[in-house]
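Undergrad: Input: one structure, supplied below.
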Amino acid sequence: KNEVEQSPQNLTAQEGEFITINCSYSVGISALHWLQQHPGGGIVSLFMLSSGKKKHGRLIATINIQEKHSSLHITASHPRDSAVYICAVRSQGAQKLVFGQGTRLTINP
Amino acid sequence: DTGVSQDPRHKITKRGQNVTFRCDPISEHNRLYWYRQTLGQGPEFLTYFQNEAQLEKSRLLSDRFSAERPKGSFSTLEIQRTEQGDSAMYLCASSFTGGDSYEQYFGPGTRLTVT
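Protein sequence lines, in the order shown, are assigned to chains V and F.
The opening position of the first sequence corresponds to residue 289 in my numbering, with each subsequent residue numbered one higher.
The opening position of the second sequence corresponds to residue 104 in my numbering, with each subsequent residue numbered one higher.
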């Protein structure tokens with residue numbers, strides 16, 4: 289079993305829909321990251337969080353440390369949100385990131 | 104642009120050849136990371152440096168792989184005697200250890216194809 293599991297692996301939705309991507313992890317962490325990867329490979333950091341909730345524009349990330357679970361929400365989704373969304377964790381005392389497999393999101397107009 | 108840069112962006116090589124990739128981190132960042140990503144998978148950690156010291160290496164980093172960061176600035180990743188299984192995107196990231204921020208900033212990646 290991977291240390292970081294994401295669901296779903298693929299998600300297709302219509303423009304305007306509310307999107308939720310889930311991430312579960314099995315180790316104690318010091319931080320969890322949500323990343324966005326567009327075709328061509330470039331990775332952009334969306335959020336880094338260790339507790340609670342963060343919001344940036346239409347994106348919201350939440351984490352429940354006790355349940356070892358995080359969610360990424362996108363409100364009023366738009367075709368430009370189409371990308372791969374990756375959850376990654378940094379274990380306590382470590383520097384490297386351990387990544388989930390990614391969720392491929394497609395938003396149709 | 105003062106982000107992380109990687110060179111080359113694409114590399115096609117024949118099996119058995121050696122290849123070298125370069126990463127230039129954000130200038131004030133003292134930590135530099137190498138990750139590898141195969142198609143349809145999330146990235147996997149290879150190694151990281153703090154300044155010029157290589158502090159951790161993954162078991163994925165076989166004897167054919169070597170990474171250096173000679174002056175604590177840019178880094179190189181060399182793969183000797185490439186194999187088809189080495190085909191992947193090689194990602195570099197950097198971070199700064201000051202304060203409580205461990206945000207890692209990623210470069211565009213080098214896509215390696217071994218034929």
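The C-beta atom is built at its ideal place from N, Cα and C for all residues, glycine as well.
As the structure is a prediction and not an experimental result, all values here were calculated from the model.
Between K341(V) and T350(V), what straight-line distance do the alpha-carbon atoms span, to the nearest angstrom?
TA: Rounded to whole angstroms, K341(V) to T350(V) spans 4 Å at the Cα level.
Undergrad: Excluding the five sequence neighbours on either side, which residues of its own chain have a C-beta within less than 7 Å of the C-beta of V332(V), listed in chain order?
TA: L323, Q324
Undergrad: 9 Å is my cut-off, CB to CB: does H344(V) come that close to chain F?
TA: no
Undergrad: Going straight from the alpha carbon of Q383(V) to that of L158(F), what length do you get?
TA: 10 Å
Undergrad: Using a cut-off of 9 Å between C-beta atoms, extract the partners of R162(F) located in chain V.
TA: Simply none; closest approach about 12 Å.
Undergrad: Please confirm whether T391(V) and S370(V) have their CB atoms less than 9 Å apart.
TA: Not a contact, by the Cβ cut-off of 9 Å.
Undergrad: With respect to the beta strand (DSSP E) encompassing Q294(V), which residues constitute its N-terminal and C-terminal limits?
TA: Per DSSP, Q294(V) belongs to the beta strand (DSSP E) from 292 to 295.
Undergrad: Consult DSSP for D127(F) and reduce its assignment to one of helix, strand or coil.
TA: strand
Undergrad: Who are the near neighbours of H357(V) in its chain, counting only those whose CB is closer than 6 Å to its CB and skipping five residues on each side?
TA: Cβ within range, chain order: S312.
Undergrad: Return the CA-CA distance between G329(V) and Q354(V), expressed in angstroms with no decimal places.
TA: Between G329(V) and Q354(V), the C-alpha separation is close to 33 Å.
Undergrad: Taking the DSSP output, what are the residues bridged to K343(V)?
TA: I348(V)
Undergrad: Out of L135(F), R134(F), L149(F), which has the shortest C-alpha to C-alpha gap to T141(F)?
TA: Residue nearest to T141(F) within the set L135(F), R134(F), L149(F) is L149(F) (criterion: CA-CA distance).
Undergrad: From F177(F) to Q109(F), what distance separates their C-alpha atoms?
TA: 10 Å
Undergrad: Using a Cβ-Cβ distance cut-off of 9 Å, determine whether G316(V) contacts chain F.
TA: No, G316(V) lies away from the interface with chain F (no Cβ there is under 9 Å from its Cβ).
Undergrad: Assign I307(V) to buried or exposed, taking buried as 16 or more other Cβ atoms, counted over all protein chains shown, within 10 Å of its Cβ.
TA: buried
Undergrad: Quick one: measure Cβ to Cβ for G304(V) and A376(V), integer angstroms, because I've assumed they're closer than 8 Å.
TA: At roughly 28 Å, the Cβ-Cβ gap does not stay under 8 Å, so G304(V) and A376(V) are not in contact.
Undergrad: Given that L385(V) touches chain F, what residues does it touch there, using C-beta distances under 9 Å?
TA: Y136, Y138, P146, F148, A196, Q207
Undergrad: Which term fits I115(F), buried or exposed, when burial requires 16 or more other beta carbons within 10 angstroms of its beta carbon?
TA: exposed
Undergrad: Contact check, Y193(F) vs F124(F) under 8 Å by CB: the rounded distance?
TA: That pair is a contact at about 6 Å.
Undergrad: Flag this pair as yes or no: are the beta carbons of V122(F) and C195(F) separated by less than 9 Å?
TA: no
Undergrad: For G145(F), which option in F335(V), Q380(V), I374(V), N396(V) has the closest C-alpha, if you only look at C-alpha atoms?
TA: I374(V)
Undergrad: Assign G188(F) to buried or exposed, taking buried as 16 or more other Cβ atoms, counted over all protein chains shown, within 10 Å of its Cβ.
TA: Answer is exposed; the Cβ neighbour count stays below 16.
Undergrad: Are the CB atoms of R162(F) and R184(F) within a distance shorter than 9 Å?
TA: no
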